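Participant: Just add 3 to wherever you are in the sequence shown, counting from 1, and you've got my numbering.
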Amino acid sequence: DYIQKSSVASGLNEMKTEADFQGRARFTAKYLKLSENGSDQLDLYDEYLGRYSISRHVQMGGVASFDQPHLSISKSGSQEPAGGTFIDYVITVKNDGNRALGPVYIQDFFPPGAEYIRSSLRPSEITAASCQWTLQSLGIGQSSTIELKLNSTAEQTGLVNRVLASGGYDGEWVKAENYSTLQYGWLDCCSSRLLAAKTGNVDSSDPTLVHYQIRIKNRENYTLALTIRDELPDGMTFVNSTIPPAERHASSLTWNMVDLQPGEVQSIDYLARAHRSGTFSAPAYIEASALDGSRTFSADISAQVYVPGEFASSAGSDWQPPACFDLNCTAMGGAENWIPCTACSAAGLEDLETECSSCSQVEE
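#1: Can you tell me which of the three DSSP states L74 falls into?
#2: Could you pull the start and end residues of the beta strand (DSSP E) that A117 belongs to?
#3: Once you ignore the five residues that flank N224 on each side, which residues in its own chain have a CB closer than 8 Å to its CB?
#4: Would you list the residues sitting across from D99 in a DSSP beta bridge?
#5: Leaving out five residues before and five after N221 in sequence, what residues of the same chain have Cβ atoms less than 7 Å from its Cβ?
#6: Let me know the secondary structure DSSP gives S127 once reduced to three states.
#7: For Y51, collect the residues of the same chain with a Cβ closer than 8 Å to its Cβ; drop the 5 residues on either side in sequence, then sort them by chain order.
#8: When you compare the CB positions of P72 and E175, do they come within less than 9 Å of one another, or not?
#9: Taking 8 Å as the limit between beta carbons, can you name the residues of its chain near G116, skipping five residues before and five after?
#10: Less than 9 Å separating the beta-carbons of N93 and I109?
#11: Using a Cβ-Cβ cut-off of 7 Å (strictly less than) and excluding sequence neighbours within five positions of D329, which residues of its own chain qualify?
#12: Determine the direct distance from the alpha carbon of R232 to that of S297, and round the result to whole angstroms.
#13: Thinking just about the alpha-carbon of each residue, which of K33, A103 and S305 is nearest to the one in G144?
#14: Does R222 come out as helix, strand or coil in the three-state DSSP assignment?
#15: Please state whether the Cβ-Cβ distance between S133 and L151 is less than 9 Å.
#16: From T230 to Q135, what distance separates their C-alpha atoms?
#17: Helix, strand or coil: which one does DSSP assign to E83?
#18: Considering only C-alpha positions, which residue in the set D99, D4 and S10 is nearest to G53?
#19: For Q82 and I129, what's the separation of their Cα atoms in angstroms?
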């Protein structure tokens with residue numbers, strides 16, 4: 004009998020497993036929700052006898068994706084097909100954390116010159132520039148969708164609509180933000196003065212931990228809305244961050260900033276764990292828009308680190324299944340040759356004024 008197995012837990016409600024084995028094995032997935040009025044339980048159970056090569060992807064809806072309180076919000080916009088002045092937006096807020104939230108406030112900031120027409124949920128507060136909705140509660144795994152219609156008659160090159168959400172629990176608050184951009188016609192050709200950089204450093208006490216930092220400085224004279232998409236390299240898993248990601252899917256991390264003021268510098272620090280030695284290159288992609296929709300630009304940045312030492316390679320995360328999982332044997336491994344590269348280092352970056360290749364001045 005033998006088994007080779009790889010498991011990746013993308014969150015508390017999702018796991019992918021690949022296994023090649025011979026003998027007897029059991030595959031189980033369990034969900035148990037306890038409440039004052041009773042409990043809900045889900046059991047998936049498969050037993051194998053013989054020689055198999057299997058690939059499993061288990062994802063449970065309506066449960067927590069984060070092991071902490073967390074709120075996600077998404078937004079999309081579309082113009083009337085006939086080219087009218089009405090803009091339709093769909094806002095979806097979801098409690099994907101491990102605590103019920105309430106109340107939950109959702110605030111939408113209209114693009115300049117736009118006016119409120121109607122929404123599927125009655126606003127608790129409305130002004131000329133924004134409106135706010137209040138949800139009394141949002142349970143674990145629950146989501147709420149709001150349809151919003153605005154009227155924009157001003158001649159603009161684009162529209163940027165921002166949305167903020169905050170949910171309360173035990174006197175504390177979790178927040179989320181996002182935005183939607185609609186572009187009309189061509190953008191101007193002037194270069195941006197948004198500066199971005201990413202650095203990475205191996206932890207001095209634990210060489211398997213890598214500290215990454217993304218720094219962004221707005222050198223324009225107007226406010227920006229940004230989306231940062233970071234991709235962890237193979238052999239690394241996310242541990243935590245100073246700002247919780249708006250989205251997290253396997254190795255992909257996303258953060259949103261809806262109001263980076265002129266001259267402001269924002270930093271995101273996060274920790275990742277390496278599961279092998281060698282050189283790791285971690286890229287990030289940034290999209291930015293002026294709030295009036297007149298400018299949109301993007302940038303690619305990257306940080307490279309070398310993790311020393313010799314330790315066993317492992318595919319996927321460092322999560323280990325419980326003993327009852329019955330596929331808990333030697334993980335699949337792989338050997339690769341890596342050459343350390345120290346040609347570039349952005350360490351000690353203070354004002355983002357550097358020509359290092361891991362820093363980038365955004366091009367349109």
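Each residue gets a CB set at the ideal place from its N, CA and C atoms; glycine is no exception. Computed from a predicted structure; not experimentally measured.
Facilitator: In terms of the structure at hand:
#1: strand
#2: A117 to S122
#3: P265
#4: Paired residue(s): none; D99 is not in a bridge.
#5: L197, L227, L263, Q264, P265, G266 and E267
#6: coil
#7: F24, R27, A28, R29, F30 and I57
#8: yes
#9: S155, T156, A157 and Q159
#10: A quick correction: the sequence has Val, not Asn, at residue 93. No, these two residues do not count as a Cβ contact at 9 Å.
#11: Interpretation of D329 is limited by its pLDDT of 38, a score under 50 that renders its predicted location unreliable; the figure taken from the coordinates is listed afterwards. Excluding positions up to five away in sequence, the list reads A28 and R29.
#12: 22 Å
#13: A103
#14: coil
#15: no
#16: 23 Å
#17: coil
#18: D4
#19: 22 Å
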